[in-house]
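In the numbering used here, the protein residues as written are 1 to 322.
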């Protein structure tokens, strides 16, 4: 992959990084931080579900592993937040490997694989809700102690930049994958596993690498969530909400495309916030917007927002390496 392929990523990241310099709105910062956390989870989903074609309904499994690993290690053992971050990312990757090994070795594909991921996420939610180590139904509350070493900041802008840095690393990893031999292997597995195997691709190995990387990236999003809100419980960490958000964002932005999760997340949440501002704080109004957008994407733009850009502005799409 040429260096020019990374320029759009740098420009988008720089544009978002400038926001705190021109605005002091905590409401805007909170919106952006939450959107960036979901973007990172969606980037993890996109590697497995978008590029490799292994649709998951249970990415809450990896998100929750990230949340709870960092929270439990800090609360019970008093470990440094950055140390717990690295352990949590490794735990997310390990969870992905175990789930993938059990599923792919059994030959699960398509809806069967999607449902087994959902089942594992729900199992973990039940276990976390019942265990004393995880705080049970009450959850875990992290100690408030602002400082870089604790991954906590008095300024919302500082945490926004931290979340943006995580997302930028995720974008770089995704772009590097598309420009390496691993990227075409993932696409080959997505298009036809049997044909890929006949061409010499180690299908099991490719899928295990994809789900492990996906799990690690989504766990990193879980760490950011825990450090941002300093609280986690089973319905948050392993809740269906994050599985849905991680799946929707790439579909809306552009499944399998590097910038798809970022574009999709900000499109969905931007529309949701605009709707709330006009319609008032009606419970569930943002979910209605999500549903309408998803129906529109499925019916009229299967390639998402970036797919439309490819169709109607192919020169621009090629220039920004979409």
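The beta carbon of each residue, even a glycine, is placed where N, CA and C say it ideally should be.
Where does residue i sit, in a helix, a strand or coil, going by DSSP?
i, result
"residue 323", "Nothing can be reported for residue 323: it is not among the residues displayed for the chain, which extend from 1 to 322."
"residue 282", "coil"
"residue 79", "coil"
"residue 140", "strand"
If distances are taken between C-alpha atoms only, which option among the options comes closest to residue i?
i, options, result
"residue 213", "239, 229, 176, 193", "176"
"residue 261", "271, 274, 275, 245", "245"
"residue 87", "183, 160, 66", "66"
"residue 29", "16, 40, 41", "16"
"residue 39", "273, 259, 99, 314", "259"
"residue 85", "298, 12, 52, 224", "224"
"residue 185", "179, 195, 206, 166", "206"
"residue 51", "135, 21, 209", "209"
"residue 301", "265, 251, 268, 270", "251"
"residue 70", "89, 105, 236, 194", "89"
"residue 123", "217, 238, 314", "238"
"residue 43", "190, 116, 303, 265", "265"
"residue 293", "313, 282, 140, 253", "253"
"residue 267", "282, 243, 306", "306"
"residue 167", "3, 10, 5", "10"
"residue 59", "68, 41, 72", "41"
"residue 8", "240, 231, 174, 91", "174"
"residue 243", "263, 219, 226", "219"
"residue 217", "151, 92, 61", "92"
Do you know how far the Cα of residue j is from the Cα of residue i?
i, j, result
"residue 26", "residue 34", "12 Å"
"residue 287", "residue 272", "8 Å"
"residue 323", "residue 109", "Only positions 1 to 322 of the chain appear in the structure, and residue 323 is not among them; the question remains open."
"residue 80", "residue 144", "13 Å"
"residue 129", "residue 55", "26 Å"
"residue 161", "residue 229", "16 Å"
"residue 47", "residue 255", "9 Å"
"residue 107", "residue 114", "13 Å"
"residue 132", "residue 142", "16 Å"
"residue 298", "residue 180", "30 Å"
"residue 178", "residue 269", "27 Å"
"residue 170", "residue 94", "18 Å"
"residue 247", "residue 198", "30 Å"
"residue 146", "residue 74", "14 Å"
"residue 21", "residue 13", "14 Å"
"residue 289", "residue 45", "22 Å"
"residue 125", "residue 222", "14 Å"
"residue 24", "residue 153", "15 Å"
"residue 103", "residue 189", "15 Å"
"residue 342", "residue 117", "With the chain covering only 1 through 322, there is no way to say anything about residue 342."
"residue 296", "residue 303", "11 Å"
"residue 202", "residue 187", "13 Å"
"residue 156", "residue 19", "12 Å"
"residue 285", "residue 32", "19 Å"
"residue 159", "residue 215", "23 Å"
"residue 200", "residue 308", "34 Å"
"residue 196", "residue 105", "17 Å"
"residue 139", "residue 97", "27 Å"
"residue 3", "residue 226", "34 Å"
"residue 182", "residue 172", "15 Å"
"residue 151", "residue 5", "31 Å"
If we count the other Cβ atoms within 10 Å of its Cβ and call it buried at 16 or more, is residue i buried or exposed?
i, result
"residue 311", "exposed"
"residue 76", "exposed"
"residue 249", "buried"
"residue 277", "exposed"
"residue 233", "buried"
"residue 63", "buried"
"residue 192", "exposed"
"residue 149", "exposed"
"residue 37", "buried"
"residue 112", "exposed"
"residue 315", "exposed"
"residue 119", "exposed"
"residue 137", "exposed"
"residue 282", "exposed"
"residue 257", "buried"
"residue 53", "buried"
I want to check one thing, is the minimum distance from the CB of residue i to the heavy atoms of the ligand GDP below 8 Å?
i, result
"residue 247", "In the structure shown, the ligand GDP is absent, as is every other ligand, since no ligand is present at all."
Can you check the segment 148 to 229 for any alpha helix (DSSP H) of at least 4 residues that lies completely inside it and give the ranges in chain order?
-> Listed in chain order, they are 156 to 178, 182 to 191, 193 to 198, 203 to 229.
For the segment 5 to 43, list the alpha helix (DSSP H) runs that are entirely contained and at least 4 residues long, ordered along the chain.
-> Secondary structure in the segment 5 to 43: the alpha helix (DSSP H) runs of 4 residues or longer, each lying completely within the stretch, are 7 to 22 in chain order.
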